[in-house]
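Below: one structure, written as structure tokens.
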Amino acid sequence: MKILNTLNEYFYHFRKFGKSGINYYSQLTSGKEIIEAKIRGFEHPIFLRNKTSDIATFDQVIKHKEYKFNYWRGADVILDLGANIGLASIYYKSLFPNATIIAVEPDESNYELLVKNTERYKNIICIKAGVWHKPTRLKIIDENASKWSFITLEDPSGNIETISIEQIISSYSLTKIDIIKMDIESAEKEVFEAGISKWSGITKMLILELHDRYKPGCSKAVFTELVKYNFSTTFRGENICVVFD
Numbered sequence: 074m075k076i077l078n079t080l081n082e083y084f085y086h087f088r089k090f091g092k093s094g095i096n097y098y099s100q101l102t103s104g105k106e107i108i109e110a111k112i113r114g115f116e117h118p119i120f121l122r123n124k125t126s127d128i129a130t131f132d133q134v135i136k137h138k139e140y141k142f143n144y145w146r147g148a149d150v151i152l153d154l155g156a157n158i159g160l161a162s163i164y165y166k167s168l169f170p171n172a173t174i175i176a177v178e179p180d181e182s183n184y185e186l187l188v189k190n191t192e193r194y195k196n197i198i199c200i201k202a203g204v205w206h207k208p209t210r211l212k213i214i215d216e217n218a219s220k221w222s223f224i225t226l227e228d229p230s231g232n233i234e235t236i237s238i239e240q241i242i243s244s245y246s247l248t249k250i251d252i253i254k255m256d257i258e259s260a261e262k263e264v265f266e267a268g269i270s271k272w273s274g275i276t277k278m279l280i281l282e283l284h285d286r287y288k289p290g291c292s293k294a295v296f297t298e299l300v301k302y303n304f305s306t307t308f309r310g311e312n313i314c315v316v317f318d
């Protein structure tokens with residue numbers, strides 16, 4: 074039975090990614106600490122920490138394409154807020170090769186892999202910071218949380234520097250944003266409670282994951298603010314896609 078399951082996995086990954094899928098699954102089962110996956114459709118290798126949440130993130134973003142929505146033909150500016158190890162950024166690069174992508178990630182080890190995964194691509198800018206509604210500092214509440222689900226709390230003595238969407242817009246002189254992908258582990262509550270008027274008007278599409286399971290009130294804060302604007306929504310996996318009219 075184990076052999077049959079293994080063969081099924083190889084066949085599944087071959088159908089999904091061709092020969093590169095076989096290579097990926099071989100590394101996945103080899104026990105290698107760092108996987109260097111050369112995946113069909115991606116210009117450069119993807120680096121993952123084996124037996125960590127990186128694999129589940131790869132499954133969501135690359136294998137199951139949970140950021141696959143009905144995009145228009147071109148996108149020039151994309152914000153990847155809560156970029157983790159950069160898989161969404163390189164996925165968007167595969168769709169929009171000429172886009173400028175600004176990827177923001179607060180965790181040190183995630184950020185290192187984010188840089189490694191994106192450094193060969195043109196026009197991906199990496200920022201080590203946590204997304205918040207104002208410049209301040211944050212601390213991690215649960216040090217034992219996985220690298221994709223830690224929760225932060227505002228604390229002037231914290232070791233995480235923050236950046237707001239407004240700061241990003243100002244720093245890079247942005248006049249439009251085609252896509253904001255937001256997966257910021259419950260910080261969306263504070264971002265939306267502070268109001269989105271300064272960036273919603275120049276944003277076409279917002280893709281976000283809500284984290285009420287970590288901090289009650291996230292959904293309420295988001296939709297209380299969104300109802301002030303004209304928008305439509307679609308859903309895929311854990312993500313909500315908001316298109317501003």
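With the numbering used here, the residue at position 23 of the sequence shown is 96, and numbering never jumps. Built from N, CA and C at the ideal position, the CB exists for glycine as well. Note that the structure is a prediction, hence the values are computed from the model and not measured.
Check	Outcome
Span of the alpha helix (DSSP H) holding N81?	75 to 90
Who pairs with C199 in a beta bridge, going by DSSP?	A176
How many Å lie between K111 and I242 at the Cα?	34 Å
Kindly indicate the opening and closing residues of the alpha helix (DSSP H) around V300.	Neither: V300 is in no alpha helix (DSSP H) and is coded neither H nor E.
Under 8 Å by Cβ, that's how I've got T225 and K212 pegged, so tell me the actual separation to the nearest angstrom.	7 Å
In terms of alpha-carbon separation, which member of L121, Y97, C314, F115 lies closest to V295?	C314
When the Cβ atoms of the stretch 253 to 263 are set against those of the stretch 142 to 155, are three or more pairs found closer than 8 Å?	yes
Shortest alpha-carbon distance to A161 belongs to which of H284, C199, L283?	C199
Measuring alpha carbon to alpha carbon, tell me which residue in K249, I76, C291, E82 is nearest E282.	C291
For the stretch 201 to 271, list the beta strand (DSSP E) runs that are entirely contained and at least 3 residues long, ordered along the chain.	210 to 213, 225 to 227, 233 to 236, 250 to 255
Using the rule of at least 16 other Cβ atoms within 10 Å of the residue's Cβ for burial, across every protein chain shown, is W145 buried or exposed?	exposed
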